[in-house]
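Note sheet for the following structure.
Protein chains in written order, with this note's numbering: chain A, 1 to 296; chain B, 297 to 623; chain C, 624 to 948.
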């Protein structure tokens, strides 16, 4: 009965070699930028040359170091309260990262659960949940954030909740679509033949297979959330001062646009670069995880 | 039908894929000739290189990983590998036409079949208006699509698999190509529909004098349609000859094994002889003959040097050391 | 000693409603995928079900695998009616009747280790040691190395994946396996391997197989009894070898003659059917095959033929064949 299986040795790396070969494939620039952002967010206190909220009025409205009138003590200049812009930008990454991570966590969890249930059960439940998603999608996020801030006062927590509770449909739709197609696989039918329950199938069979695309959407949505947070801060309904947030910095620099444009420009550039890096990373991730392109 | 000059002459065609894992030699030195009106069946399993050979003939090898790295493809004397891409585009669909396996993806679901056939006719025959419509209906009728006139408005999803393959056939044949390449066109069709389709193809071929290259893994199709057979394994043609010769006197152990491992509906087999092991990894071919690890008659020489091509009988060649020693 | 009947389907029907609207649904018509089918499977035998697309063969398999409930008719498992099953009965059924599907790529979850895939049908409380032991046993049974258990599906070839699927089907000590096109998606040389493996396992373990396929040659190689299905109905049934040497129903004859010959000199005149396989939404009246049948009579378009014994052990549903003379 022993069958001569001329098994082809498969070149699948394991352990540390696999990690290194994965790292080598990362897209250079986006990863570099994002690593810097993460380092800033985690070690803002140590990295920033000056405290972000205390300003030396002596040094106010100084331009960037390479412009005449600037000084190397403040590489990107100061605002009209004498606060170092570079340090504020560095501390600002904390707000952006924290808000986007937590909002995505909320939106992602809600969206995934709803998407899985809608996709797997189908029928009336699917229809109801998707109508719910439509309702959430049709709400004007910024307007609601303004109202919430007016009623309950602007706060870190409220920003995260508003964004999280209105962003989940994007996750739900994608997850539902993938669930529908994964459901067609024979291994799902075979699990049913084996008598397994729906929740087992969803958790052990469907969910692990949507994780890759979930990662992709999360990355791309994080970028969007950072932009959202920036807009909310700009309007004054985001994370309240004195915590430095990029959007807030841009708002504060608005009236200085003609006399000291760097006050608004640098945080804007920081945001744009970060968003670009995240989008590029997300695109790379999507291509990487696309099974069709995985061939050669 | 064995005319004067061959319609198609392929010499030492090589198509390689350059991947992280190494160079995949999908087509590795393939040579054959095809005369007008002849049908050549290219037989092999997955990984044999048969489909990639077909794609190479129309220069549709997936880039950038894949590339035709060597050889000649002479269509009516002209080396089409040397053509510029716009010239090749005229050849493709015009002088060489292709039918693929999956009718669902060969046809665009967003356009009616009349539009799709019409596009091909307009592109290669340059007609329009009423004359175009007439030729579209004619193309569909030639493939025996019933009520062709009214069906021009139908969409692919409204038709059965067999009908869709006929539409693919109509598109392919609408420009009166000299060569038709059919890559597993009946694999996804029901048995009774397959019989209809093969009969139809043969009839059309005989009437129009087209040469056909039929890519398949099914020896039944080979027996029913082909004049000549080329058996491929790991990117090379390991045996080639007339259909009768191949069936009656297979010279290569792989051909022999393939013929013996197929169950038959016309008699009861007590035991199928299976071929142990699996087809080789094309990026990591063994030294010597690629079939040696699975060959029941492999000798030590087989594992060292790839066997040369040997003529077993007129028109019947094989690449096997056993044939060499028998000379 | 007569073998026990594991499965018996009587008068099975599965009709799918064609509906419009979601909340206030209206039924527009019925897809009669399986329409009054009776089959049996006894211990140790291989019963084949052959048919083309739209014949209903896959739906019939789903009925036996409890993936669908019959619209009408009964399924008996060792004599007990499915409609009267208790929870324990269902559990025992699932252990006794296993499945192998066609597509080796879609049958295995790419994110699950082979060990978990194979062990999935085992009852929840099975102790770890027993699971490991059984895993090793079935892997050996299908000719795969024990190290395969820790790998993932993408590390295996198509033929090996079907072996994994078979190993999984064996893990609960089943008495029968329902196989839906078990080798159609495999390369020719691998098909022979897997078919031989299936035959060997059957011999060793005394299993019964219910094999569904469109490939007549494969069926001839492995089945003892054969059922031919067309448009939701069984048109002929009987011992395989007899059916292959003398098919009685005109559809069986056409099917057999459409199966391509294995030698170029056999380009004999075949029975080439005209027309298409009928749509299950709107089957022809009377005998469903009559629009394509070369032998049709007037009665064929009016009255549905019933399965009658045309010869000892051979049942055929055809007015022409069963003409009383």
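Beta carbons are placed, not taken as given, at the ideal position from N, Cα and C, and that holds for glycine. Quick caveat, the model's predicted, so the values are computed rather than measured.
- Taking 4 residues as the shortest admissible run, the region 869-925 of chain C contains the following complete alpha helix (DSSP H) segments, listed from N- to C-terminal end: 873-881.
- In this structure, residue 401 of chain B lies away from residue 521 of chain B, with their beta-carbon atoms at least 7 Å apart.
- The beta-carbon of residue 193 of chain A is placed less than 7 Å from the nearest beta-carbon of chain C.
- In the same chain as residue 240 of chain A, and ignoring 5 residues on each side of it, the C-beta atoms closer than 6 Å to its own belong to 154, in chain order.
- Residue pairing by DSSP places residue 394 of chain B opposite B:477 in a beta bridge.
- Here the alpha carbons of residue 213 of chain A and residue 716 of chain C stand approximately 37 Å from one another.
- Sequence-distant partners of residue 168 of chain A (beyond 5 residues in either direction) whose C-beta falls short of 6 Å from its own C-beta, in its chain, are 107, 110, 111.
- Annotation for residue 97 of chain A: 41 place their beta carbon closer than 6 Å to its own, counting only its chain and skipping 5 residues before and after.
- Within the region 653-692 of chain C, complete alpha helix (DSSP H) segments of at least 4 residues are found at 680-687, given in chain order.
- Chain-order list of chain C residues neighbouring residue 458 of chain B: 899, by C-beta distance under 8 Å.
- Going by DSSP, residue 414 of chain B is part of the alpha helix (DSSP H) stretching over 409-421.
- Assignment of beta-bridge partners to residue 799 of chain C by DSSP yields C:720, C:831.
- Contacts between residue 722 of chain C and chain A, judged by CB atoms closer than 7 Å, involve 190, 193 in chain order.
- Around the beta carbon of residue 399 of chain B, 16 or more other beta carbons sit within 10 angstroms, so the residue counts as buried.
- Two segments are said to touch when three or more pairs of C-beta atoms, one from each, lie closer than 8 Å; by this definition the region 74-89 of chain A touches the region 42-62 of chain A.
- Interface residue (Cβ-Cβ distance to chain C less than 7 Å): residue 492 of chain B is classified as such.
- The beta-carbon of residue 743 of chain C is placed less than 7 Å from the nearest beta-carbon of chain A.
- At a cut-off of 7 Å, the C-beta of residue 314 of chain B has no neighbouring C-beta in chain C.
- DSSP lists no beta-bridge partner residue for residue 814 of chain C.
- The region 324-353 of chain B is shown to contain whole beta strand (DSSP E) runs of 3 or more residues at 335-339, in chain order.
- Under the three-state reduction of DSSP, residue 609 of chain B is assigned to strand.
- Scanning A:276, A:233, A:89 for the CA closest to the CA of residue 44 of chain A turns up A:89.
- Contacts between residue 676 of chain C and chain B, judged by CB atoms closer than 8 Å, involve 457, 486 in chain order.
- Bounds of any beta strand (DSSP E) do not take in residue 564 of chain B, whose DSSP letter is neither H nor E.
- Sorting A:253, A:232, A:279, A:172 by C-alpha distance to the C-alpha of residue 140 of chain A places A:232 at the top.
- Within chain C, the residues whose beta carbon sits less than 7 Å from that of residue 186 of chain A are 724, 726, 729, 730, listed in sequence order.
- CA-CA distance, residue 95 of chain A to residue 145 of chain A, rounds to 17 Å.
- For residue 451 of chain B, there is no enclosing alpha helix (DSSP H), as DSSP marks it with neither H nor E.
- The beta-carbon of residue 747 of chain C is placed no less than 7 Å from the nearest beta-carbon of chain A.
- The beta carbon of residue 766 of chain C lies closer than 6 Å to none in the same chain, with the five residues before and after it left out.
- Pairing residue 726 of chain C with residue 790 of chain C gives a Cβ-Cβ distance that is not under 7 Å.
- Under DSSP, residue 200 of chain A forms no beta bridge with any residue.
- Residue 379 of chain B and residue 369 of chain B have their C-alpha atoms some 11 Å from each other.
- Straight-line spacing of the CA atoms in residue 390 of chain B and residue 481 of chain B works out to 19 Å.
- The continuous beta strand (DSSP E) containing residue 933 of chain C extends over residues 931-934.
- Fewer than three Cβ pairs drawn from the region 909-927 of chain C and the region 829-837 of chain C lie within less than 8 Å of each other, which leaves the two stretches out of contact.
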